[in-house]
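Trainee: Counting from 4, one number per residue, gives the positions in the sequence shown under the working numbering. Please read through the structure below; I'll follow up with questions.
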Amino acid sequence: MKAIRHFCTITKHKIIVMRECFKVGLYRQGLLHDLSKYSLTEFRVGCKYYQGTRSPNNAEREDKGYSSAWLHHKGRNKHHYEYWIDYSLDGERLLAGMKMPVRYVVEMFLDRIAASKVYKGNAYKDSDPLEYYENGKAGELMHPETRALLERLLHMLAKYGEERTYRYIRREVLKRKRVSFRLRPLKRLNRKRPAGSFRVVKL
Ligand SMILES: [Zn+2]
């Protein structure tokens with residue numbers, strides 16, 4: 004039955020994105036990612052146009068001339084750059100991509116990794132998300148700084164792998180100050196303190 008298969012497809016993707024989000028400390032976004040796909044508006048279309056090999060939104064678009072599910076989706080999920088398209092203030096263009104908060108750029112990056120992992124299965128390589136991006140570059144409506152960060156992360160992943168890229172995301176992009184403390188006996192550092200007292204060392 005199409006409904007069950009569609010449910011499994013979106014849930015599988017959601018679980019992978021959640022796992023990747025947790026690795027960089029984006030717990031809330033990991034839990035809420037793509038939740039609107041379970042709403043009636045989007046789920047119904049997903050079932051009706053389920054094909055298994057491509058997004059049902061494309062099939063709906065070909066059928067109706069637009070995709071109601073996608074319009075609903077992109078208006079509710081901040082990790083899509085299309086969410087951030089607004090009227091430009093510079094007066095030249097009517098619509099323009101606004102700069103996305105970095106935590107959503109990271110979610111967009113992880114979303115692409117998850118999609119590549121599902122698509123490639125065991126054959127997945129760290130260079131796949133970059134390759135996929137270069138084969139179908141996102142439109143002009145992505146803000147240049149948002150695009151630059153996404154591309155930097157994709158190149159970093161292809162070159163250095165997940166561990167180093169995720170560490171960079173946690174420390175430099177999201178500036179997570181995951182402070183861990185270690186207690187170290189003072190001994191010679193401060194003789195005035197009573198024996199057995201500790202100095203907290205920030206790692
Ligand atoms: Zn989404």
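Built from N, CA and C at the ideal position, the CB exists for glycine as well. Quick caveat, the model's predicted, so the values are computed rather than measured.
Please classify Gln32 as buried or exposed, where buried requires at least 16 neighbouring CB atoms within 10 angstroms.
Mentor: buried
Trainee: In whole angstroms, give me the CA-to-CA distance for Thr149 and Ala62.
Mentor: 29 Å
Trainee: Identify the residues that DSSP records as bridge partners of Gly100: which are they?
Mentor: Note: Gly100 sits in a beta bridge opposite Ile88.
Trainee: Cα separation between Ala151 and Asp93?
Mentor: 21 Å
Trainee: Would Ala99 and Asp89 qualify as a contact pair, given that the criterion is a beta-carbon distance under 8 Å?
Mentor: yes
Trainee: For Met159, decide whether its Cβ has a neighbour in chain C, counting only Cβ atoms nearer than 8 Å.
Mentor: As a matter of chain content, chain C is missing from the structure shown, which is built from one protein chain.
Trainee: Anyone know if the C-beta pair for Ala117 and His16 falls short of 8 Å?
Mentor: yes
Trainee: Within the continuous alpha helix (DSSP H) that includes Gln32, where are the two ends?
Mentor: Tyr30 to Leu35
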